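Note that the numbering used here numbers the sequence shown so that position 63 is 83, with each residue one more than the last.
Glycine is no exception: its CB is placed at the ideal position from the N, C-alpha and C atoms.
All of these numbers come straight from a predicted model, not from anything done at the bench.
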Amino acid sequence: MVARQQADDWILKLDMVARQQADDWIFKKDKDWMMQLLAVTLSLVSKMEETKVPHILDLKVCE
Numbered sequence: 021m022v023a024r025q026q027a028d029d030w031i032l033k034l035d036m037v038a039r040q041q042a043d044d045w046i047f048k049k050d051k052d053w054m055m056q057l058l059a060v061t062l063s064l065v066s067k068m069e070e071t072k073v074p075h076i077l078d079l080k081v082c083e
């Protein structure tokens, strides 16, 4: 069970770091390619996890 707890802790740490990175990307100006990359990444992850997947255009950020 120790290995399982370590894996869970690592996953939670990764989640926190990923969220911080996403926040950093969102607030940077003139980085449209980063937002496109984030939208594609969210689309890919949702296809692995969700039963009803949003269309990629639904993830587009309006300016």
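- Message: Between 46, 61 and 69, which has its C-alpha nearest residue 77's C-alpha?
- Response: Looking at the Cα atoms, 61 is the closest of the given residues.
- Bounding residues of the alpha helix (DSSP H) (the contiguous stretch that carries residue 54): 52 to 69
- Compute the beta-carbon to beta-carbon distance between residue 42 and residue 58, rounded to the nearest angstrom, for a pair I have assumed lies under 8 Å. 6 Å
- Message: Using only the alpha-carbon positions, how far apart do residue 24 and residue 38 sit?
- Response: 21 Å
- Query: Who are the near neighbours of residue 34 in its chain, counting only those whose CB is closer than 6 Å to its CB and skipping five residues on each side?
  - Reply: none
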